[in-house]
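**Q**
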Amino acid sequence: MSIPSHQAALSAARRLFRQKGVVPEHLLADPILRSWRRCAESGQDMRGARLPALLTQTELRQELDRHAALRRLCAPVMADMKQRARAAGGLVVLTDAAGLVLDSGGSADFLDRASQLALAPGASWSEAAAGTNAIGTALVERRAIAVQGAEHYFEPNRVLTCAAMPILDPAGRTLGLLDLTCHADGRWRDAGDSLRAAIDQVESALFEDLAASCLMLRLHTRADGLERDTAARLAFDGDTLVAANRHALALLGIDRAGLGVFRYDDLFAGSPGQAAAAGRLHRQDGQMLHARVRWPDQGGFHSAPALAAERHDLSLRTAAPAASLPVASTRERRARHQRTQDEQPAVPSQSYWFDPATLSELARTVRLLDAGVAVLLQGETGTGKEIFARQMHERSERAGGPFVAVNCAALPETLIESELFGYEDGAFTGARRQGSKGLLRQAQGGVLFLDEIGDMPLSLQARLLRVLQAREVTPLGGGRAVPVDFALICATHQPLDIGHVSSPVRSDLYFRIAEYTVRLPALREYADRGAIVRALWRMRCGAASDGPRLPAEVLRLLADYVWPGNFRQLSTTLRTLHVLAGDEDLRVDMLSADIRGALPSLVEEAAPGTLQGLTDLAIRGALQACDGNVSQAARRLGVHRSTLYRRVKGGGS
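Plus 3 on top of the position in the sequence shown (first one is 1) and you've got our numbering.
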């Protein structure tokens, strides 16, 4: 659609929006439509005009002084962009994080026209003040926005076409914004590219201020990209990721929720020292990236073969609080965790692997756990629910407290009440002298993990609900109620079917324990299982470059297998292979019988396209290989014996 016809369609859409509150489908980009709706809901009239409430000269001087660091940081790009704006007949604008114009410049003719719309220092272009416009809407949406002609909410602003992009500090907080504006009928052909390049330059300079306290990484898919402003930049406080630019988030497929939560080995194989020596590193999925490493308090990036890059002196340490990072809280959290490591029960070591989507879920759940939100984990046996829960605990503000795991399916029904709630001396025959605190009180100050919550007897669910509501526990045998403080994570391998008469969990309890739910996918659901096998094998072999090699034919069989026991079974299999291989490379004949050569026959026997059929046949193969011994077959598959019994009794295999 040509620009004139598009603007005509927009004019018709504006009338329809005023009358009906709707617009024709696909005519407006979603961010613009959301902005129109926000403006309408706030009572703004599209036919009206914004009120150009300019600051007084005294107020403007105060704001300019307050944002002196931001203005100095942006001075080089503003000088360059003003020249480009003059040539394009447009205007470049710098605002603070609230949309207040701090600086502008460009074409003299356009400046005169723009001044009538208050596109000058001291004017606010927030959405609340100026309706839908590139500056205000980009700040609300926290992304680059272009607003053309009649897409502006207020009628007088239809003469403008604008593109804006927020300036983010390394922790992802908005410091300000750059905007490029020209006449609605004008052309600034490279405006988008110029804007992105300017933002990249500013944000790259901001990262240099972290050099004194953080380990810094530059990454790129090409060696010659490491010197560019488009290189991925990350900062680590110890092993914890505390900052990442836009390019790093896109390259690694993560979001900013992971800052302060993700660790180096969540993202990369090996160590920073190895990356510095080699000039490259591998993501956990196996992708190789070129890398440069700079250690804290050093003046340049370490790479092979030479040192490169110099540190910018940006004088930002006295800037507004937005320039600081949450490094102290990360250190305190890790210190609390370290102080209590010796007090925690021993946990068998097990390799785990989280894809970017699961890592992002982990980051979100850590923040929710810190806020007191109860989290429910759903997933088949072996998908890593307890590992996920332990990682939530270790990365949370409760890392210094206990992690108490309770398998509701493993506790006998006659004991679960006393084990959970505790009891007084003499509460029942055989009660321990001095009584028992119970698992709920043992979780004080930490995290309580209730696994297989669907197997908790309904009679006890009412008692648990009262504990969660009152935050106090009354032991069996009477006695006074004892206050408790713990964060709650629950898990289930089965659908809870809330609202159905046969649901294993009361609906009132469900809504207490499932304030946020996470589904952990089965291993067979991952498209690239080969990458998962390679990642877990690297973790198993450690940093040894001369460890057992994983040949293509072995990798193919492992990647194609159905894995009914999911990650637990895969981890067990890789541990077994590592023992069998010793100093040799892996061979197909080292695989167990149910994996080696089993796939073709399973595919032939199973109903076409039925993953359940493949799973059942894999279980049958394991039972045959173990001469019907369910315990041995369960260990081979990496599942709990009770899980395999349920499948066998249910006729699934």
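We put the beta carbon where it would ideally sit given N, CA and C, even for glycine. Computed from a predicted model, the values in this text were never measured in an experiment.
#1: Rounded to whole angstroms, what's the CA-CA distance from H223 to L58? Just pull it up for me.
#2: DSSP on E389, reduced to helix/strand/coil?
#3: For E528, does the count of other Cβ atoms within 10 angstroms reach 16, so buried, or fall short, so exposed?
#4: Near R559, what residues of its chain come up, given a Cβ to Cβ distance below 8 Å and the 5 sequence neighbours on each side ignored?
#5: Residue range of the alpha helix (DSSP H) that L63 falls in?
#6: So, with DSSP's three-state summary, where would you put A360?
#7: If we ignore side chains and look at the alpha-carbon of each, how far apart do T520 and E383 end up?
#8: Would you check if the segment 65 to 77 and the segment 36 to 46 touch, i.e. whether three or more CB-CB distances between them fall below 8 Å?
#9: In terms of residues, what are the limits of the alpha helix (DSSP H) holding G195?
#10: Taking DSSP as the reference, what is the three-state secondary structure of L284?
#11: Do L523 and T361 count as a contact pair if the criterion is CB distance below 9 Å?
#12: Note down the Cα distance separating E206 from A238, rounded to an integer number of angstroms.
#13: For the beta strand (DSSP E) holding D240, just list the boundary residues, first then last.
#14: Identify the continuous alpha helix (DSSP H) that holds V450 and give its terminal residues.
#15: To the nearest angstrom, how far is it from the Cα of P348 to the Cα of G404?
#16: Could you tell me whether the Cβ atoms of F265 and T184 are closer together than 9 Å?
#17: Using the C-alpha atoms, what's the distance from G92 back to C165?
#18: When burial is assigned at 16 or more other CB atoms within 10 Å of the CB, is H29 buried or exposed?
#19: Helix or strand or just coil, what does DSSP make of L479?
#20: Is there contact here, the segment 169 to 179 with the segment 124 to 137, by at least three beta-carbon pairs under 8 Å?
#21: Spatial neighbours of A71 within its chain, please: CB distance less than 6 Å, with the 5 preceding and 5 following residues excluded, ordered by chain position.
#22: Please specify which runs of the beta strand (DSSP E), each continuous and at least 3 residues long, are wholly inside the segment 487 to 572, giving them in chain order.
#23: DSSP state of A610, grouped into three classes?
#24: Going by beta carbon distance, what residues of the same chain come within less than 8 Å of I598, once the five residues before and after it are set aside?
#25: Exposed or buried, A503, counting other C-beta atoms within 10 Å across all chains shown (16 or more means buried)?
#26: Leaving out five residues before and five after A377 in sequence, what residues of the same chain have Cβ atoms less than 6 Å from its Cβ?
#27: What's the gap between the Cα of W540 and the Cα of R623?
#28: Throw me the rounded Cβ distance for the S399 and S421 pair, which I believe falls under 8 Å.
#29: What residues are listed by DSSP as bridge partners for A294?
#30: Does the Cβ of G585 have 16 or more other Cβ atoms within 10 Å, making it buried, or fewer, making it exposed?
#31: Name the one or two DSSP bridge partners that Y658 has.
#32: Buried or exposed: which applies to V591, given that a residue is buried once 16 or more other Cβ atoms fall within 10 Å of its Cβ?
#33: Decide if N632 is buried, meaning its Cβ has at least 16 other Cβ atoms within 10 Å, or exposed.
#34: With H, G and I counted as helix, E and B as strand and the rest as coil, what does DSSP make of L577?
#35: Just the Cα atoms here: how many angstroms apart are K85 and L181?
#36: Which of helix, strand or coil does DSSP assign to N136?
**A** So, from the listed chains and residues:
#1: Straight-line Cα distance between these residues: approximately 44 Å.
#2: Looking at E389 - three-state DSSP - the assignment turns out to be helix.
#3: The residue is exposed, with fewer than 16 neighbouring Cβ atoms inside 10 Å.
#4: For R559, where only same-chain residues beyond five positions count, the Cβ hits under 8 Å are G533.
#5: Going by DSSP, L63 is part of the alpha helix (DSSP H) stretching over Q60 to R69.
#6: A360 falls in the helix class under three-state DSSP.
#7: About 14 Å.
#8: Look at the beta carbons and you see the segment 36 to 46 not touching the segment 65 to 77: under three pairs across the two are nearer than 8 Å.
#9: Residues A194 to F210.
#10: Three-state result, L284: strand.
#11: In terms of Cβ geometry, T361 and L523 form a close pair [threshold 9 Å].
#12: Between E206 and A238, the C-alpha separation is close to 13 Å.
#13: Here the beta strand (DSSP E) through D240 covers A235 to D240.
#14: In the DSSP assignment, V450 falls outside any alpha helix (DSSP H) and within the unbroken beta strand (DSSP E) covering V450 to D454.
#15: The pLDDT assigned to P348 is 39, lower than 50, so where the model puts this residue is not dependable, and the model offers no usable value.
#16: Not closer than 9 Å, so no.
#17: If I take the Cα positions, the gap works out to 13 Å.
#18: Around the C-beta of H29, fewer than 16 other C-beta atoms lie within 10 Å, and the residue is accordingly described as exposed.
#19: Here L479 sits in strand by DSSP.
#20: Segments in contact, no.
#21: Excluding sequence positions up to five before and after A71, its CB lies less than 6 Å from no other CB in the same chain.
#22: Within the segment 487 to 572, the runs of beta strand (DSSP E) at least 3 residues long that lie entirely inside it are, in chain order, 490 to 495 and 519 to 522.
#23: Residue placement at A610 cannot be trusted, given a pLDDT of 43 that sits under 50; the coordinates are not used to answer.
#24: Only L560, L561, Y564 and T576 meet the Cβ criterion.
#25: Note on residue identity: the sequence assigns His, not Ala, to residue 503. Around the Cβ of H503, a 10 Å sphere holds fewer than 16 other Cβ atoms; the residue is exposed.
#26: Excluding sequence neighbours, A377 sits near L491, I516 and E518.
#27: Rounded to the nearest angstrom, the two C-alpha atoms are 27 Å apart.
#28: Contact flag wrong, Cβ pair sits at about 29 Å.
#29: Note: A294 sits in a beta bridge opposite L222.
#30: With fewer than 16 Cβ atoms within 10 Å of its Cβ, G585 is classed as exposed.
#31: Because the chain in this structure spans residues 4 to 656, residue 658 falls outside the shown range and cannot be described.
#32: Around the beta carbon of V591, a 10 Å sphere encloses fewer than 16 other beta carbons of the protein chains shown; the residue is thus reported as exposed.
#33: When all chains shown are included, N632 counts as exposed.
#34: Residue state, collapsed to three classes: helix.
#35: Approximately 12 Å, taken between the alpha carbons.
#36: Coil.
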